[in-house]
Amino acid sequence: MTGWVKIAGLGPGNEALVTPEVTAALAEATDIVGYIPYVARVAERPGLTLHPSDNRVEIDRSQHALDMASEGKRVVVVSSGDPGVFAMASAVYEAVDNGPSDWRNLDIQVLPGITAMLAAAARVGAPLGHDFCTINLSDNLKPWEVIEKRLRLAAQADFAMAFYNPRAKSRPGKFERTLEILREECEPERLIIFARAVSRADEAIKVSTLGEATPEMADMQTMVIVGSSLTRTIDRDGDPIVYTPRFIAKAEG
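First residue of the sequence shown: 170, per the working numbering; consecutive thereafter.
Rendered as structure tokens:
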């Protein structure tokens, strides 16, 4: 087979954060498959066909890409950020796992990208400098009860936490509940970062505390990072630096 599928991360938004590997794949592709706003980021050119599709059709999109690769086409499946983080890489492999046996022998590669989580962390310093976890707060693909359990256990384990999809119009009360759970488990001085549209022209970043945070500080374009109990700020002129030390002192005795 001469066709292939490359599952690519386009980064958080700024074209400077698209990796050279992904840029090369886009230049070789005959077809681009992905969610409408992500496909729109790929420049049209002769010999390239764009296949934008709506949200929540990830498996259909993956099957279409695999079918085209089976026909010899060079297909790039695009995601924002990194395709392996709450994105299309898992969907493509799920389609392979449940699809025709020939798909298993296709040339399929995952091309990593810079996530919104890492871009947001870099903007403020190094809040993810020690152990951390990432939780998708959307309950479209998992029960809300699972999210609540993971939030509570992550807070009890004193991880720094990065939240994707914190607050949608269809579920505005869920982020309010998220803050309630964190306040039950963490001190009110715990640092929390709201990073909206990171790397884009309308970027807005606010460093707050858990006690001062409100649900309205987040929307679906916001990456929320909650520090661990050790996360601290360095005050200076302008915005503070936020970081989590790389060491945890051993308990005495």
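All residues carry an ideal CB built from backbone N, CA and C; glycine is no exception.
Between residue i and residue j, which are expected to be in contact by the criterion C-beta below 8 Å, what is the C-beta distance as a whole number of angstroms?
| i | j | result |
| --- | --- | --- |
| I410 | I403 | 4 Å |
| A194 | A177 | 6 Å |
| E354 | R321 | 6 Å |
| V261 | V247 | About 12 Å; that fails the 8 Å criterion. |
| T383 | G396 | Their Cβ separation, rounded to whole angstroms, is 18 Å, which puts T383 and G396 out of contact at 8 Å. |
| R292 | I304 | Actually they do not touch by this definition, with Cβ atoms about 20 Å apart. |
| G180 | G282 | 5 Å |
| S222 | I205 | 7 Å |
| R243 | T192 | Not a contact, Cβ separation roughly 15 Å. |
| M392 | V376 | With a Cβ gap of about 13 Å, M392 and V376 do not count as contacting. |
| L379 | R415 | About 23 Å; that fails the 8 Å criterion. |
| D300 | F255 | Between F255 and D300 the Cβ distance is about 20 Å, and since that is not below 8 Å, they are no contact. |
| A289 | A364 | 4 Å |
Straight-line CA distance for residue i to residue j?
| i | j | result |
| --- | --- | --- |
| Y207 | T171 | 26 Å |
| L287 | I374 | 14 Å |
| P189 | A238 | 22 Å |
| K343 | P215 | 45 Å |
| V265 | D236 | 11 Å |
| M386 | R401 | 21 Å |
| S339 | S307 | 10 Å |
| V227 | P335 | According to the sequence displayed, residue 227 carries Glu and not Val. If I take the Cα positions, the gap works out to 20 Å. |
| K424 | R210 | Because the chain is modelled from 170 through 422, residue 424 falls outside the range shown and cannot be assessed. |
| A323 | T218 | 43 Å |
| T284 | Q390 | 13 Å |
| Q325 | I316 | 14 Å |
| A234 | E184 | 24 Å |
| S249 | S398 | 30 Å |
| A196 | K175 | 12 Å |
| F332 | D408 | 22 Å |
| H220 | A370 | 26 Å |
| S231 | E356 | 43 Å |
| Q278 | V187 | 17 Å |
| G253 | E263 | 12 Å |
| L310 | G241 | 32 Å |
| W173 | E349 | 47 Å |
| N224 | P341 | 19 Å |
| W313 | A337 | 14 Å |
| R405 | T347 | 31 Å |
| G203 | D388 | 22 Å |
| A269 | I417 | Sequence check: residue 269 is Pro here, not Ala. Distance between the alpha carbons of P269 and I417 is about 50 Å. |
| C302 | M330 | 5 Å |
| E381 | E372 | 21 Å |
| D251 | N274 | 24 Å |
| L280 | N267 | 22 Å |
From what residue to what residue does the alpha helix (DSSP H) around residue i run?
| i | result |
| --- | --- |
| A366 | Per DSSP, A366 belongs to no alpha helix (DSSP H) and is neither H nor E. |
| V208 | 205–208 |
List the endpoints of the continuous beta strand (DSSP E) containing residue i.
| i | result |
| --- | --- |
| A196 | No beta strand (DSSP E) contains A196, which is instead part of the alpha helix (DSSP H) from 189–197. |
| V211 | Segment: none, V211 is in no beta strand (DSSP E) and carries neither H nor E. |
| A177 | 173–178 |
| T383 | Premise fails: T383 is in no beta strand (DSSP E) and is neither H nor E. |
| M392 | 391–395 |
| R415 | R415 -> no beta strand (DSSP E), and no H or E assigned at all. |
| T400 | No beta strand (DSSP E) holds T400; DSSP gives it neither H nor E. |
**OP:** Just list the beta strand (DSSP E) runs in the stretch 271–340, keeping only unbroken ones of 3 residues or longer that don't cross its boundaries, in chain order.
**Re:** 276–280, 301–305, 329–333
**OP:** Check whether the stretch 289–303 touches the stretch 359–368, taking contact to mean three or more Cβ pairs, one atom from each stretch, closer than 8 Å.
**Re:** yes
Original post:
Which parts of the stretch 222–264 are runs of the alpha helix (DSSP H), unbroken and 4 residues or longer, counting only runs that do not cross its ends?
Top reply: 227–239
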